[in-house]
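Count along the sequence shown starting at 1, add 2, and that's the number in our numbering. Below is one structure, written out as structure tokens; the observations come after it.
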Amino acid sequence: MATTPKPSSERSIGTVAIRWHGSSLELLDQRLLPGEEHWITLEGAAGVSQSIRDMVVRGAPAIGISAAYGVALAARHAGGGDWKAEIKQAIRELAASRPTAVNLFWALQRMERVFHACHSLDEAVKRLAGEAEAIHEEDLAANFAMADHALEFIGAEAPFSVLTHCNTGALATGGYGTALGVVRRLHEEKLLAEVYADETRPWLQGGRLTAWELSRDGIPVTLNADGAAAAIMARKDVRWVIVGADRITANGDVVNKIGTYSLAVLARHHKAGFMVVAPSSTVDMAMAAGADVPIEERDGIEIREIRGIGLAPEGVKVFNPVFDVTPASLIDAIVTEKGVVHNPNITGMQALFG
Ligand code: MRU
3 MATTPKPSSE RSIGTVAIRW HGSSLELLDQ RLLPGEEHWI TLEGAAGVSQ
53 SIRDMVVRGA PAIGISAAYG VALAARHAGG GDWKAEIKQA IRELAASRPT
103 AVNLFWALQR MERVFHACHS LDEAVKRLAG EAEAIHEEDL AANFAMADHA
153 LEFIGAEAPF SVLTHCNTGA LATGGYGTAL GVVRRLHEEK LLAEVYADET
203 RPWLQGGRLT AWELSRDGIP VTLNADGAAA AIMARKDVRW VIVGADRITA
253 NGDVVNKIGT YSLAVLARHH KAGFMVVAPS STVDMAMAAG ADVPIEERDG
303 IEIREIRGIG LAPEGVKVFN PVFDVTPASL IDAIVTEKGV VHNPNITGMQ
353 ALFG
């Protein structure tokens, strides 16, 4: 079904979590949501790296945007002596903050290219801030474009339900969202019956962020335990499972929040479509396959406890990989701002990103 895309200016972009003020960066502390809306002000790159590591800010595109602003802050607050060494050190620290989402490294490489072309600190301050702002703006534009491509690809004529995982909304991006951008777009077109949001153990991005973000914007959302996804697909009209990505490799494998792989298996069994929505900054053509991607493992305390309350025997061994790899063969479509890769494989990926 052909749809007329709305101009970006008419669209609500949702609740964003990143505000840039030129000499400081404000991040909405996502660890405290939905209970408290608390903004953290950062004036240096070290605070930005720490905020990424601690998940004050999270979501692949948001991590990349924040890191870019981190480099801009490093220039802004450089001592004036060996400013180049200071900026290089900041880039190294930012790159070490989280390993899996490639948007972080993509953004830092962009910032590094600009940095290498600067001849003075004044020039670096100006140009690095400009580049970070461009990364931020381009992400929002990509989200609008992806939502339009996805709608066209889905081609629905009557409302249907979708199931999503983790948080891929305005909070995880420069605004609007990736998978949740598609959800917003379906809602705008009155094609959305319901969004089932996996709560997304252990960090609960679905419960704490997605349910909050969608309810705030009046988008019909039902929260479910991750283990209920199969029952929902069996009993409800879930036509599409729509998720984001932290890294998409050259063969079309998708690395995303732990639990995504099981959803792809379930979707195939229940004949629901499985769509991945991510900007091209999430595509890593230098990485051959998902098995090559470093998967972050976080502290077992995230599973043993919730906000200090014990949920398991103290000291029990925990395996806590926070991402998994969905093989390309289980994916129906990868939607990026550059277009859609249908039934992804190495040839389709090369045709769009080669
Ligand atoms: O650990 P997180 O919360 O940073 O993980 C986020 C996800 O896995 C998202 O699904 C992905 O980054 C896409 S965000 C648009």
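Virtual Cβ for every residue (Gly too), placed ideally from N, Cα, C.
Span separating the alpha-carbon of residue i from that of residue j
i	j	result
M235	H272	6 angstroms
A47	Y178	26 angstroms
G261	G208	12 angstroms
P346	I336	7 angstroms
V58	A199	21 angstroms
T6	A147	Note that T6 has pLDDT 49, beneath the 50 cutoff, so the model's placement of it is unreliable and the number below is only indicative. The straight-line gap from Cα to Cα measures roughly 12 angstroms.
G310	G37	16 angstroms
N226	E215	15 angstroms
I89	G83	11 angstroms
A232	S163	14 angstroms
E201	T224	10 angstroms
G356	E316	49 angstroms
I333	T284	16 angstroms
D301	V320	8 angstroms
R306	E298	18 angstroms
D228	L130	41 angstroms
Buried or exposed by the 16-neighbour rule on C-beta atoms within 10 Å, applied to residue i
i	result
E339	buried
R186	buried
K259	buried
T170	buried
I156	buried
R241	buried
S99	buried
V318	exposed
D286	buried
H40	exposed
R249	buried
P281	buried
S14	exposed
Residues near residue i by beta carbon distance below 7 angstroms, same chain, minus five either side
i	result
P296	P101, T102
E79	According to the sequence as given, residue 79 is His; it is not Glu. Excluding positions up to five away in sequence, the list reads E45, G46.
Close-in-space but distant-in-sequence residues of the same chain around residue i (CB under 6 angstroms, 5 per side omitted)
i	result
A2	Shown here, the chain extends from 3 to 356; a query on residue 2 therefore has no answer.
A293	none
L1	Shown here, the chain extends from 3 to 356; a query on residue 1 therefore has no answer.
G81	none
G254	A330, P346, N347, M351
H151	V337, V342
A269	V243, F276
Beta carbon proximity, residue i to chain B, threshold 8 angstroms
i	result
V197	Annotation note: the requested chain B is absent from the structure, which comprises a single protein chain.
Check: residue i C-beta below 7 angstroms from any heavy atom of the ligand MRU
i	result
Q207	yes
P63	yes
D200	no
V246	Strictly speaking, residue 246 in this sequence is Gly, with Val absent from that position. True, at least one ligand heavy atom lies under 7 angstroms from that Cβ.
A236	no
K259	yes
T175	yes
A69	no
A103	yes
V58	no
V327	no
V324	yes
C168	yes
T2	Any answer about residue 2 is impossible in this case: the structure gives the chain only from 3 up to 356.
Cβ-based neighbour list, residue i, same chain, cut-off 8 angstroms, excluding 5 preceding and 5 following
i	result
R112	A70, E133, I137
S53	L29, I42, L44, V59, S68
heavy atom of the ligand ZN below 7 angstroms from residue i C-beta
i	result
T212	Ligands displayed in this structure: the ligand MRU; the ligand ZN is not among them.
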